[in-house]
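Novice: Residue numbers (my numbering): 1169 to 1565. Built from N, CA and C at the ideal position, the CB exists for glycine as well. Before I ask anything, let me first share the structure, which is written out below as structure tokens.
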Ligand SMILES: Cc1cc2nc3c(=O)[nH]c(=O)nc-3n(C[C@H](O)[C@H](O)[C@H](O)COP(=O)(O)OP(=O)(O)OC[C@H]3O[C@@H](n4cnc5c(N)ncnc54)[C@H](O)[C@@H]3O)c2cc1C
């Protein structure tokens, strides 16, 4: 079998390279930066760990197996973090009133009985919400929940892409979340070490251009980069992929001397509350042993407020300070902070992406991977890495 080149050393590329090696393939992984991890980067500050992207993973049997094989002890969230808050005038456990709740339960159950719940092709999340839920539930519950994961705009997001998997019979059982002592950077390092131990090669600070695309290869890079790399060899496919939109995102890690007193996972902020924050995670409550000081992680930007990513670090700090005063009623200053601004943060799981992913052709000897092909979260990426590795080995034999 020829050596498979994996281009891109983010979580997608690393887990694909490892899965290929486990299937018996020879692998070279190429990363253009001088470090692997892509969006994921953990910085150790004096106050604790600052994460630039993922800070926990949805636990599945597959994720458990990966951590076990890499000998990484799983950090289980504190029970208090089972509580989630929504900001509707003030932080609340449940964003809907009694009648709103009864109405949405009735509508949902009726939809279930009539088997009308699975999303329709070309249906937006807000249209699905209008059909299967109620307007208040769609805006305050569904949109708020989804903006915490996809940072998208429900008027354009594809219901099939983001809600469809919930209705799949073969969906894995959700077992909660899992973190890592030392942060997500530890997982990236462990993946690299395992790839090398299995005989794989990792070349960092090497950039591949579209003219010298080595085949067979797997592109595990963001969609605009995949489009650029494919332009010479597969212009029609490159043009199609180049239409995939990305939403900018800001992840601000703030460390406070005083605990904020919140016993909850975090607080989601539905649109329409006059706030720009998408949500805030209370890390001290989720993983109490991870940081020295109380860490809050504020998420801003996304498809509904791309301009947030254009603010300066000072502007973002000031904005968060104002909104923190309203959401938590606190005005103390962080002792330390680290802000990651991703101008091209996450692929927008919108109706354009749904259309583009329908029967996406792959040129011979080139396979596509990344968080724009079926899942933004790490557990979904891992699932795809393992099935794609089997496909690549089968097709390149
Ligand atoms: C703020 C934020 C919070 C998040 N929180 C969570 C969370 O809590 N849980 C969760 O599961 N997920 C979370 N995610 C999502 C998750 O982190 C990402 O979906 C995932 O890390 C993406 O990995 P990737 O490998 O697909 O892409 P990337 O991380 O973008 O990696 C792509 C890699 O390809 C490299 N590359 C690009 N072009 C080339 C080239 N020409 N040659 C060689 N290399 C190239 C890049 O340098 C990069 O290393 C979050 C994301 C963000 C932004």
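1) Check for me: the alpha helix (DSSP H) holding residue 1315 runs from which residue to which?
2) Could you tell me which of 1539, 1507 and 1533 sits nearest to residue 1521, measuring between CA atoms?
3) Give a single yes or no on whether residue 1181 has its beta carbon closer than 7 Å to a heavy atom of ligand 1.
4) Taking the straight line between their C-alpha atoms, what separation do you get for residue 1194 and residue 1188?
5) Return the CA-CA distance between residue 1487 and residue 1468, expressed in angstroms with no decimal places.
6) Thinking C-alpha only, which one of 1282, 1318, 1293 and 1272 is nearest residue 1304?
7) What are the complete alpha helix (DSSP H) segments, minimum 4 residues, inside the segment 1199-1281?
8) Going by DSSP in three states, residue 1286 sits in which element: helix, strand or coil?
9) Note down, in chain order, each residue of its chain lying with its Cβ closer than 8 Å to the Cβ of residue 1500, except the 5 sequence neighbours on either side.
10) For residue 1502, which residues in the same chain have their Cβ closer than 6 Å to its Cβ, ignoring the five residues on either side in sequence?
11) What would DSSP say about residue 1460, mapped onto helix, strand or coil?
12) Take the Cβ of residue 1325 as the centre, count every other Cβ of all protein chains shown within 10 Å, and call the residue buried at 16 or more, exposed below.
13) In angstroms with no decimal places, state the Cα-to-Cα distance between residue 1593 and residue 1544.
14) Exposed or buried, what is residue 1186 when buried is set at 16 or more other beta-carbons lying within 10 Å of its beta-carbon?
15) Per DSSP, residue 1435 is paired with what?
16) Any heavy atom of ligand 1 closer than 7 Å to the CB of residue 1545?
17) Ligand 1 heavy atoms versus the CB of residue 1406: any closer than 7 Å?
18) Tell whether a beta-carbon distance below 8 Å holds between residue 1243 and residue 1347.
19) For residue 1178, collect the residues of the same chain with a Cβ closer than 6 Å to its Cβ; drop the 5 residues on either side in sequence, then sort them by chain order.
20) Please classify residue 1416: does DSSP put it in a helix, a strand, or coil?
21) Note the first and the last residue of the continuous alpha helix (DSSP H) segment covering residue 1293.
22) Leaving out five residues before and five after residue 1375 in sequence, what residues of the same chain have Cβ atoms less than 6 Å from its Cβ?
23) Say whether the segment 1317-1332 touches the segment 1366-1384, bearing in mind that this needs 3 or more beta-carbon pairs closer than 8 Å, one atom from each stretch.
24) In this structure, how does DSSP classify residue 1170 when only helix, strand and coil are distinguished?
25) Buried or exposed: which applies to residue 1290, given that a residue is buried once 16 or more other Cβ atoms fall within 10 Å of its Cβ?
26) Any idea what DSSP makes of residue 1440, helix, strand or coil?
27) Looking at ligand 1, does it come within less than 7 Å of residue 1561, judged from the CB to the closest heavy atom?
Specialist: According to the structure shown:
1) 1312-1315
2) 1539
3) Correct: residue 1181 has its Cβ closer than 7 Å to ligand 1.
4) 8 Å
5) 10 Å
6) 1272
7) 1229-1237 and 1266-1281
8) coil
9) Apart from the 5 residues on each side of it in sequence, residue 1500 sits with its Cβ closer than 8 Å to the Cβ of 1424, 1425 and 1426 in its chain, given in chain order.
10) These residues qualify, in order along the chain: 1422, 1423 and 1424.
11) coil
12) buried
13) Because the chain is modelled from 1169 through 1565, residue 1593 falls outside the range shown and cannot be assessed.
14) Residue 1186 sits buried, since 16 or more C-beta atoms from the chains shown fall within 10 Å of its C-beta.
15) 1253 and 1448
16) yes
17) Residue 1406: no, Cβ never under 7 Å from ligand 1.
18) Yes, they are a contact pair.
19) 1206
20) Reduced to three states, the DSSP call for residue 1416 is strand.
21) 1293-1300
22) Closer than 6 Å at the Cβ level, and outside the excluded window around residue 1375, lie 1200.
23) no
24) coil
25) exposed
26) coil
27) no
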